[in-house]
Amino acid sequence: MTLKEYVKDRTVFLLINFILFIIISGIMILVGVNIQIVFLIFCIWFFPLIIYVLIEYFKQKTFYNEITSITENLDQKYLLPEVMKEPETVEGKALYEVLRQANKDMHEHVKSYRDRENEYREYIETWIHEIKTPIASTRLIIENNHSNVTRNIKEEVKKIEEYIEQVLYYSRSNNVSKDYLIKEVSLAGLVRSVIKRNSRDFISKGISIDLEKVEGTVFSDAKWLEFILNQLIGNAIKYIRERDGKVIIHTVQNENNIVLTIEDNGIGITEKDIHRVFEKGFTGENGRKFGKSTGIGLYLCKKLADQLGLGLTITSKIGEGTKVSIIFPLGSVVFMQ
Amino acid sequence: MSKIVIIEDTETIREELKTFLITYGFDAVAPTNFENIIQETLNEAPDLILLDINLPIFDGYYICREIRKQSDVPIIVVTSRDNEMDELMSMNLGADDFVTKPYNTQILLARIETILRRVQGSSMRDTVVYNDLKLNLSNGSVTYKGEKAELTKNEIKILSCLYKNKGKIVSRDDLMDFMWNADVFVDDNNLSVNVTRLRKKLEALGMEKNIETRRGLGYILP
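Chains as they are written, first to last, in the numbering used here: chain A, 1 to 337; chain B, 1001 to 1222.
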């Protein structure tokens, strides 16, 4: 708010004063009052008026400057009415009251949505918990009745499990603190357990793996990491070329981070798609070709990695393969969002 | 034969798990009445207990605590909750291991065997005998009529898998699954090479009838 703007806002008020003064001084000059007296009246009239306008201007300017700067510094802008001093002017009070009302209403609105979302998420988690029992029995039945048919069913059941796991992590992806336990995780152990989970695919597609250079430990949540890694390795398997497929997993220890890289010699991702692979629902050319992509896997990986404070990068060359790296920062405490 | 008590309220899982464990040579008992479950379990004098968490009447944590008061029998908690907190709580209450549903049955089996081996002393379970062939799992050697040979890690895994299924054909796929579950990520060619090598080692010891190949089906230890 500049002085010019403020004065412009008061134009009518000042104009009326001027017109009044001109009329009065006109009358005074007509009846032969001394011009000096007219000037004196001008001073008596306008000096306090201008002082008043200026004082009001500075008062308002400080008030609005204060709330603007508070708002700018606030992380959550809607908290303004809670933070600001209650103003003394009538206009300020009215503004304050309106802000508070609007805020209160907004909170109620948000709360109703939040409740609804929580309810839904709780339902999903209970449901996942329930569905695991029939899956566990199915697995046991398959194990007790070994045949080629059940072997195929086992494969399908495994896919169902993966999708269910994805739902679980999706529903949890906005709320880390509920299910989060930091402990020492051995990268070699983690990689091995994920490889084991996907062993059937590796064996049946004849994909060779090289885990020679995986070492190091990080502090993180093992379950979340395993989920991320499983998605990444799952992708590597999915988009690998038939025959002489190869997955190389290795770690590089840098001064302030450990980088775990999963490299495959699959079909690769085109350049125009690569920047968008972490977007939700983005399937790209490969997704269309293979028709199996949901566009959720990598999006979720990125989201979870962000929450865990990890970096996730992807590079690819069409026809040559894809490299995905998870970057674990070292030496500093990683804060949760 | 080790006795395992399965405390599980879902009927299908209970029965199938029982069948599964019996197939693998355990004496499995699965009580169906949960009112007196703690006493009933202890009366069976099991070597190991598989315990679900969500149960009618008492929950798994309570049962675990009560059993611990009276017995040191190994307990593996099996649950569909996959929360780290549940794991922590189970361990604090005295469980020996924690497996989440739906579990890989081979992994469950491996965990059961590990715990039993630890509890029952290693000497007993580390050596298995098959037709005069003594297989020592801990130092990776085989002895046949006084002759001794060293085996590699892969060869031991192959031999122990075939031994577990002795008299039955083990398909190459199953053998691969077994190896991969044991952290040995071999490929198809590698497996053939290992089997051939193993067979030669056994022949060199003078064991004529060892691993047989059934074309198109797999391997068998007759």
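Backbone N, C-alpha and C fix where the C-beta goes; we use that ideal spot for every residue, glycine too.
Query raised in the report: Where do the N-terminal and C-terminal ends of the alpha helix (DSSP H) with D1177(B) fall, by residue?
Result: 1172–1181
Query raised in the report: By how many angstroms is the C-alpha of R241(A) removed from the C-alpha of V1184(B)?
Result: 23 Å
**Report entry** Listed by chain order, chain A residues near I1013(B) by CB distance under 8 Å
**Finding:** T133, A136, S137, L140
Report task. Have a look at the DSSP bridge pairing and note the partners of G311(A). Result -> I327(A)
Query - Cα-Cα separation between L15(A) and E91(A), rounded to whole angstroms - result: 23 Å
Report task. Could you tell me the distance, in whole angstroms, from the CA atom of H109(A) to the CA atom of D273(A)? Result -> 38 Å
Query raised in the report: Which whole-angstrom value is the C-beta distance of L304(A) and S173(A), which I expect to be below 8 Å?
Result: 6 Å
Query raised in the report: What are the partner residues of V1077(B), as DSSP defines its beta bridges?
Result: L1051(B), F1098(B)
Report task. Determine whether the Cβ of R1081(B) lies closer than 9 Å to any Cβ atom of chain A. Result -> yes
Query - Simplified DSSP state of G321(A), which is helix, strand or coil - result: strand
**Report entry** Any C-beta of chain A under 9 Å from that of F1098(B)
**Finding:** no
**Report entry** is_contact[R192(A), chain B] using C-beta, thresh 9 Å
**Finding:** yes
Requested in this report: Out of L1198(B), N1104(B), P1074(B), L1048(B), point me to the one whose CA is closest to K132(A)'s CA.
Outcome: N1104(B)
Report task. Return yes when the Cβ of N1054(B) is within less than 9 Å of the Cβ of S1080(B), no when it is not. Result -> yes
**Report entry** Inter-stretch contact at 8 Å, needing at least 3 Cβ pairs: the stretch 183–196 of chain A / the stretch 155–168 of chain A
**Finding:** no
Report task. Specify the secondary structure class of V1057(B) as computed by DSSP and reduced to three states. Result -> The sequence shown places Ile at residue 1057(B), rather than the Val named in the question. In the structure shown, I1057(B) sits in coil (DSSP, three-state: anything other than H, G, I, E or B).
Query raised in the report: So, does the CB of L310(A) fall closer than 9 Å to a CB anywhere in chain B?
Result: no
Report task. Along the beta strand (DSSP E) that carries S171(A), what are the first and last residues, could you check? Result -> S171(A) -> not in any beta strand (DSSP E); alpha helix (DSSP H) instead, spanning 148–172.
**Report entry** Rounded C-alpha distance that separates K61(A) from G297(A)
**Finding:** 52 Å
Query raised in the report: Going along chain B, which residues have a C-beta under 8 Å from S171(A)?
Result: Result: empty, since nearest Cβ-Cβ is about 13 Å, beyond 8 Å.
Report task. Could you confirm whether any beta carbon from chain A is found closer than 9 Å to the beta carbon of Y1061(B)? Result -> no
Report task. Output the distance between the C-alpha atoms of E279(A) and K302(A), rounded to the nearest integer angstrom. Result -> 9 Å
Report task. Would you mind giving the Cβ-Cβ distance between L166(A) and G216(A), rounded to the nearest angstrom? I have them listed as a contact below 8 Å. Result -> A quick correction: the sequence has Gln, not Leu, at residue 166(A). So it is not a contact: roughly 27 Å between Cβ atoms.
Query raised in the report: Assuming F1020(B) and E143(A) make a contact with CB atoms under 8 Å, what is their CB distance in whole Å?
Result: 6 Å
**Report entry** Residues of the stretch 1090–1118 of chain B with Cβ closer than 9 Å to any Cβ of chain A, in chain order
**Finding:** T1100, K1101, P1102, Y1103, N1104, T1105, Q1106, I1107
**Report entry** Nonlocal neighbours in the same chain, by C-beta distance under 8 Å from T313(A), ignoring five residues either side
**Finding:** V324, S325, I327
Requested in this report: Using only alpha-carbon positions, find the residue among G287(A), T126(A), N65(A), E255(A) that is nearest to I267(A).
Outcome: G287(A)
Query raised in the report: My guess is that I1057(B) and C1064(B) are in contact by the Cβ rule of under 8 Å, so how many angstroms apart are they, rounded?
Result: I1057(B) to C1064(B), Cβ: 14 Å. No contact.
Query raised in the report: First and last residue of the beta strand (DSSP E) that includes D1027(B)?
Result: 1027–1029
Report task. Leaving aside the five residues before and after Y170(A) along the sequence, list all residues of the same chain whose C-beta is less than 8 Å from its C-beta, in chain order. Result -> I296, L300
Query raised in the report: For T1010(B), which option in I1022(B), N1033(B), V1129(B), M1001(B) has the closest C-alpha, if you only look at C-alpha atoms?
Result: N1033(B)
Requested in this report: Could you run through the stretch 1184–1198 of chain B and flag, in chain order, every residue whose CB is less than 8 Å away from some CB of chain A?
Outcome: F1185, D1187, D1188
Requested in this report: Determine whether the Cβ of M1085(B) lies closer than 9 Å to any Cβ atom of chain A.
Outcome: yes
Query raised in the report: Taking one C-beta from the stretch 91–103 of chain A and one from the stretch 120–132 of chain A each time, how about it: are there three or more such pairs within less than 8 Å?
Result: no
Query raised in the report: Counting only runs that start and end within the stretch 1137–1211 of chain B, where is the alpha helix (DSSP H) found for 4 or more residues in a row?
Result: 1153–1164, 1172–1181, 1188–1204
Requested in this report: Report yes or no: is there a C-beta of chain B within less than 9 Å of the C-beta of G206(A)?
Outcome: yes
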